[in-house]
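Per this note's numbering, residue 14 is the first one in the sequence shown, and the count goes up by one each step.
Each residue gets a CB set at the ideal place from its N, CA and C atoms; glycine is no exception.
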Amino acid sequence: MPTINQLVRKGRRDKIAKVKTAALKGSPQRRGVCTRVYTTTPK
């Protein structure tokens, strides 16, 4: 547990939220979410 003086000097750092799609940082429109995975019978 830090003292009041330590908190005044340094303060608390905010937690950095992790990006779910780190690889698509440059182009978020490429991200696709699969809603259903299935196989169809040959017709």
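Under a three-way DSSP split, which group does residue i fall into?
i	result
I29	coil
V50	coil
R44	coil
Among the options, which has the Cα closest to the Cα of residue i?
i	options	result
A35	D27, R44 and K28	R44
K23	P15, A30 and I29	P15
Would residue i and residue j be called neighbours here (beta carbons separated by less than 8 Å)?
i	j	result
V46	K38	no
Along the alpha helix (DSSP H) that carries residue i, what are the first and last residues, could you check?
i	result
L4	Here the chain comprises residues numbered 14 to 56, so residue 4 is not present and cannot be evaluated.
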